[in-house]
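Chemist:
There are 2 protein chains.
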Amino acid sequence: MASSLKDVARYAGVSIKTVSNVVNGYVHVSAVTRAKVQQAIAALNYRPNTAARHLRQGRSGVIALALPELRAPYFAELAGFVVEAADERSLKVLIEQTDGARDRELEITEGVPGHLIDGLILSPLALTEDDLEQRTDRLPMILLGEQITDGAADRVVVDNVAAAEEAVAHLVSLGRRRIAAIGAQDAAPGATARLRLRGYRQALRRAGIAYDPSLVIPVEQFHRHDGALAMQGLLDLAQPPDAVFCFNDLLGLGALRTLLSHGLSVPGDVAVVGFDDIEESQYSTPTLTTVAPDKEEIARTAIDLLIKRFSGDHDALPRSVNPTYRLICRESTLGG
Amino acid sequence: MASSLKDVARYAGVSIKTVSNVVNGYVHVSAVTRAKVQQAIAALNYRPNTAARHLRQGRSGVIALALPELRAPYFAELAGFVVEAADERSLKVLIEQTDGARDRELEITEGVPGHLIDGLILSPLALTEDDLEQRTDRLPMILLGEQITDGAADRVVVDNVAAAEEAVAHLVSLGRRRIAAIGAQDAAPGATARLRLRGYRQALRRAGIAYDPSLVIPVEQFHRHDGALAMQGLLDLAQPPDAVFCFNDLLGLGALRTLLSHGLSVPGDVAVVGFDDIEESQYSTPTLTTVAPDKEEIARTAIDLLIKRFSGDHDALPRSVNPTYRLICRESTLGG
DNA sequence: CTGAAAGCGCTAACAA
DNA sequence: TTGTTAGCGCTTTCAG
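Protein sequences appear in the order of chains A and B.
Using our numbering, read the first sequence as starting at 1256 and increasing by one per residue.
Using our numbering, read the second sequence as starting at 1256 and increasing by one per residue.
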């Protein structure tokens, strides 16, 4: 059995309160007493019981991070940063995977973990704005990545329209005119896809290039496989594109694979741009030009917003933060 | 303020115990009472308080998974499976990153989270067998990946020697004779590297190929960068190798990049084998031959062993389980 | 500066 | 089948 405050108190010959004071770094404790208590703590290998503390103060020091899937590199990298940022604030992170399924996401926003956690960082895929407004749970929540409107909760999300536009403008500046887009999704989910598509169209319009719907390829998921498949479809076109903007790096990497296996040159025949800047994109052949959101900033911002929520301004208006991003130009557009 | 058992009891006009019985699915409750209680629960949006339950029963339903870093794809994929397996057993998973630093690992084995978790799954990099024997904490722990000997705790680990030998034997069977190894590590950590090296040497011996130390390249970390660098070194040799066995896929992918950027053909000039079977290896150009441990089995086994530990046989002898693995041959050795 | 005692929400003996 | 009660380990008034 683990030792409790009481045990330490008895061992040190002081009261429970005194031990508690020492443990919690309360200042008004005489040096002698403090030393005595600390020695007792060491002797008994005492460790404060989180459960009791949690029960008493209503704070667990644990937050949840809910994301589609850890095996997607973008989310894995982001999760790594979130855990790191949380650690700096003495918070522990519990991971939930939603698979982007709406019912899983709903369940989680409804506070499943039952008072286990102090707050939630959610990266939703399928949740609608309505779902969020229905929400009864008072658990502080930060949304990563956007729905169309904002309103129901704090959000941290890059400006997808602007970022996508910048990526496509880069292709235009390279002289490309027949620019495809891989990653469209029109189902209720896929807000991200819709915004990146909007950025794509905006860039074309600015460049005076006509919008050609046959160059916009929808996908099931944002995985390599879907990217490879979509690229295949584009190559089968009577007039294949000379550039592709992929809505994430995984799609881009899949597209790359299809292009190379057809003996085409990248960027010679087709230039490719991705989105996310996962580590792999620095090492692919060719390396992948991509929009790089500052993941560390996203993680830190999310944690800080969350902490603010459960330390006081529970009722402040929802905030929305746009983390910085930059276009990183690599071989898949510039050549090597 | 969230509602408690007491609130529900009052609302339903029954005692606390009855509500508790309903909540916990106790059978001997009359249908009428049950209905009444359930309605009250719904009306008050009651959710059992995890902290109180935890305090009372000494079980939190939360386990920790401690691994070097989430951004390494192998660990991300593994973590995904662990979270999934835990979910099936109604356990939540809290993630800790160690960066492979010994003091972080030690800290974690010493039960930092303070009674917060029911058990620990640790993938150590730097911890020594001695460290583990010193361990005072009684928290159930499962080790992922091995140290040299076994003894201090349950382990789930592929047979690295046999797997490495099989990988190298595959290269030999392809007619390669000058086979390099990337990933050696001689510091106290790096048990995995040592075992894979042993398998490599065993395969050479069996094939009657002399061991050439200049073909064994040490690395700092198991990252793409280190693999690329190591491969560079090998190409600078008077007699470069005609095959490379990389101790993980990331090293292999890095090596691939160096080879291709030098205009060499894989596997024409140099064949490459990795270890881990991360998703990326199915999509690289060329795709990567690799040893594929069954990650799902590893995760499930770890969870099950852990559950056994904290449900009864706390004191059974340490078990060691070897999950299955298989060599997946792809373009980097067979060509495509 | 230190002690005594109440109570967070729940479960598990025990009683009825 | 249902109710009563003690107590898990801690923090937090309130006294001293």
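Glycine included, every Cβ here is placed at the ideal spot set by N, Cα and C.
Remember, it's a predicted structure, so these values are computed and weren't measured experimentally.
Can you tell me whether DSSP reads R1581 (chain A) as helix, strand or coil?
Modeler: Strand at R1581 (chain A).
Chemist: Report the rounded CA-to-CA distance for L1387 (chain A) versus A1257 (chain B), giving the unit in angstroms.
Modeler: Taking the straight line from one Cα to the other gives about 20 Å.
Chemist: With three or more C-beta pairs closer than 8 Å as the rule, is the region 1408-1426 of chain A touching the region 1569-1581 of chain A?
Modeler: yes
Chemist: Kindly provide the ranges of any beta strand (DSSP E) runs that are 3 or more residues long and lie completely inside the region 1412-1481 of chain A, ordered along the chain.
Modeler: Counting only runs of 3+ residues, the beta strand (DSSP E) found wholly inside the region 1412-1481 of chain A occupies 1434-1439 and 1471-1473, in chain order.
Chemist: Mind checking if T1391 (chain A) is an interface residue toward chain B, Cβ cutoff 9 Å exclusive?
Modeler: yes
Chemist: What ranges does the beta strand (DSSP E) occupy inside the region 1503-1591 of chain B, keeping only unbroken runs of at least 3 residues that lie completely in it?
Modeler: Correct list: 1526-1530, 1544-1548 and 1580-1583.
Chemist: Please report whether the beta-carbon of I1553 (chain B) lies at a distance below 9 Å from any beta-carbon of chain A.
Modeler: no
Chemist: For E1351 (chain B), list the residues DSSP reports as bridge partners.
Modeler: B:A1321
Chemist: Helix, strand or coil: which one does DSSP assign to A1356 (chain B)?
Modeler: In the three-state reduction of the DSSP assignment, A1356 (chain B) falls in the coil class, being assigned neither a helical nor a strand state.
Chemist: So L1489 (chain A) and I1472 (chain A) are in contact, right, with Cβ under 8 Å, and what is the actual spacing, rounded?
Modeler: With 8 Å as the limit, L1489 (chain A) and I1472 (chain A) qualify as a contact, their Cβ atoms being about 6 Å apart.
Chemist: Can you grab the Cα-Cα spacing for the pair E1475 (chain A) / Q1440 (chain A), in whole Å?
Modeler: 7 Å
Chemist: Would Y1430 (chain A) pass as an interface residue toward chain B - the criterion being a Cβ-Cβ separation below 9 Å?
Modeler: Sequence inspection shows Gly at residue 1430 (chain A); the Tyr mentioned does not correspond to that position. Chain B, which has no Cβ nearer than 9 Å to the Cβ of G1430 (chain A), makes this no.
Chemist: Mind checking which residues open and close the alpha helix (DSSP H) that includes L1333 (chain B)?
Modeler: P1328 to E1343
Chemist: Can you give me the start and stop residues for the beta strand (DSSP E) that I1220 (chain A) sits inside?
Modeler: One cannot answer for residue 1220 (chain A) here, as it falls past the ends of chain A, which runs 1256 to 1591.
Chemist: Among the residues of its own chain, which have a CB less than 7 Å from the CB of V1278 (chain A), if the five just before and after it don't count?
Modeler: P1303
Chemist: Taking 8 Å as the cut-off, does the region 1481-1495 of chain A touch the region 1507-1525 of chain A (at least 3 CB pairs, one atom from each stretch)?
Modeler: yes
Chemist: Among the candidates B:A1435, B:R1564 and B:L1299, whose CA atom is the shortest distance from the CA of P1468 (chain B)?
Modeler: B:A1435
Chemist: How many angstroms separate the CA atom of L1572 (chain A) from the CA atom of I1397 (chain A)?
Modeler: 13 Å
Chemist: Taking the straight line between their C-alpha atoms, what separation do you get for I1271 (chain A) and R1289 (chain B)?
Modeler: 42 Å
Chemist: Check whether chain B comes within 9 Å of D1373 (chain A), counting only Cβ atoms and requiring the distance to be less than that.
Modeler: Taking 9 Å as the CB threshold, D1373 (chain A) stays off the interface with chain B.
Chemist: For E1401 (chain B), collect the residues of the same chain with a Cβ closer than 8 Å to its Cβ; drop the 5 residues on either side in sequence, then sort them by chain order.
Modeler: If the five residues before and after E1401 (chain B) are omitted, its C-beta is found closer than 8 Å to the C-beta atoms of R1410, V1412, N1415, A1446, T1447 and L1450, all from its own chain and listed in chain order.
Chemist: Okay, do the region 1320-1327 of chain B and the region 1561-1570 of chain B touch, 3+ Cβ pairs below 8 Å being the bar?
Modeler: When Cβ pairs closer than 8 Å are counted between the two stretches, the region 1320-1327 of chain B is seen not to touch the region 1561-1570 of chain B, the count staying below three.
Chemist: Q1352 (chain A): buried (16+ other C-beta within 10 angstroms of its C-beta) or exposed?
Modeler: buried
Chemist: Between which two residues does the alpha helix (DSSP H) containing V1277 (chain B) stretch?
Modeler: Following the DSSP letters along the chain, one finds V1277 (chain B) inside the alpha helix (DSSP H) bounded by residues I1271 to V1278.
Chemist: Is the Cβ of S1378 (chain B) closer than 9 Å to any Cβ of chain A?
Modeler: no
Chemist: Taking A1340 (chain A) as the query, report the chain B residues whose CB atoms sit under 7 Å from its CB, ordered along the chain.
Modeler: Near A1340 (chain A) there are no residues of chain B at all, since even the closest Cβ is about 11 Å away, more than 7 Å.
Chemist: With a cut-off of 8 Å, do at least 3 Cβ pairs link the region 1369-1384 of chain A to the region 1336-1356 of chain A?
Modeler: yes
Chemist: In chain order, what residues of the same chain lie with their CB nearer than 6 Å to the CB of D1549 (chain A), ignoring the 5 residues before and after it?
Modeler: Exclusion of the five residues before and after D1549 (chain A) leaves P1578 and T1579 as the residues of its chain whose Cβ lies within less than 6 Å of its Cβ.
Chemist: Shorter than 9 Å from the beta carbon of L1515 (chain B) to some beta carbon of chain A?
Modeler: yes
Chemist: In the DSSP assignment, find the unbroken alpha helix (DSSP H) run with V1263 (chain B) in it and report its ends.
Modeler: L1260 to A1267
Chemist: Using a Cβ-Cβ cut-off of less than 7 Å, list which residues of the region 1537-1552 of chain A approach chain B; keep chain order.
Modeler: Going along the region 1537-1552 of chain A in chain order, one finds Y1538 and T1540 with a Cβ nearer than 7 Å to chain B.
Chemist: Kindly give me the distance between the Cβ atoms of D1532 (chain A) and I1583 (chain A), rounded to whole angstroms, as I take these residues to be in contact under 8 Å.
Modeler: About 6 Å separates the two Cβ atoms, so the contact holds.
Chemist: Between the C-alpha atoms of I1318 (chain B) and E1339 (chain A), what's the straight-line distance to the nearest angstrom?
Modeler: 18 Å
Chemist: What in chain B is Cβ-close to E1534 (chain A), meaning under 8 Å?
Modeler: Taking the beta carbon of E1534 (chain A) as reference, the chain B residues within 8 Å of it are R1326 and R1479, listed in sequence order.
Chemist: Establish whether the CB of G1529 (chain B) and some CB of chain A are separated by less than 9 Å.
Modeler: no
Chemist: Whose C-alpha, out of B:A1419, B:G1507, B:S1275 and B:D1497, is nearest the C-alpha of G1523 (chain B)?
Modeler: B:D1497
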